[in-house]
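Quick note, the working numbering runs 227 ahead of the 1-based positions in the sequence shown.
What follows is a set of notes on a single structure, which appears directly below.
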Amino acid sequence: GAIVIKIGSKFSVEATVSDQMSAAAAGSGALPVFGTPFMLAMMESAAMQCLQPFLEEGQGSVGTHLNVSHESPTPIGMKVRADAEVIAADTKMVEFKVTAYDEVGLIGQGTHQRAVIASDRFLTKCNAKLEKR
């Protein structure tokens, strides 16, 4: 039967901000603070891990859209957490509310959309681009 993805399902990932996770390391800024691309990656990771248990063998998900604000800077060495919660879903597309916090409070929030894919088929289609260059 068709997969059923439960609205309200949640997942969190945590990390301690290192020099390798700075805006300067990402090339997205010049300062030694938590880089936005790494916050987004944590949000996507939380969403991906939240969704995976609902999928069938051979299925995965890929991020298709992020609409996220980064509202407060986090210093190197501080712990951060990203949360994802399913707010809408059908068998093909899933929408998440995503939030991120450091030890002081909210640092980022928004929405993230993921598409459910057949992993093999997706990779085959992707790699076919190599023939088109």
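From the three backbone atoms N, C-alpha and C, an ideal C-beta is built for every residue, glycine too.
Since the model is a prediction, treat every value here as computed from it, not as a measurement.
Distance, residue j Cα to residue i Cα
i    : j    : result
N299 : M248 : According to the sequence shown, residue 299 is Ser rather than Asn. Between S299 and M248, the C-alpha separation is close to 15 Å.
G304 : E358 : 45 Å
I230 : M275 : 16 Å
M269 : K319 : 22 Å
G254 : T263 : 10 Å
L258 : A251 : 5 Å
Selected residue, minimal CA-CA separation from residue i, among the options
i    : options                : result
G285 : V343, A355, V313, T326 : V343
G256 : H297, M269, V289, G287 : H297
D347 : R341, Q340, A355       : A355
G337 : E312, V260, S288       : E312
C277 : S245, V260, K306, V240 : V240
P302 : G332, E322, N294, A273 : G332
Burial state of residue i, where buried means 16 or more other Cβ atoms lie within 10 Å
i    : result
E271 : buried
V325 : buried
C353 : exposed
H292 : exposed
A315 : exposed
A309 : buried
G235 : exposed
L267 : buried
Residue span of the beta strand (DSSP E) that contains residue i, given as start and end
i    : result
F323 : 320–329
E271 : Looking at the DSSP string, E271 is not in any beta strand (DSSP E); the run it does join, the alpha helix (DSSP H), is 263–278.
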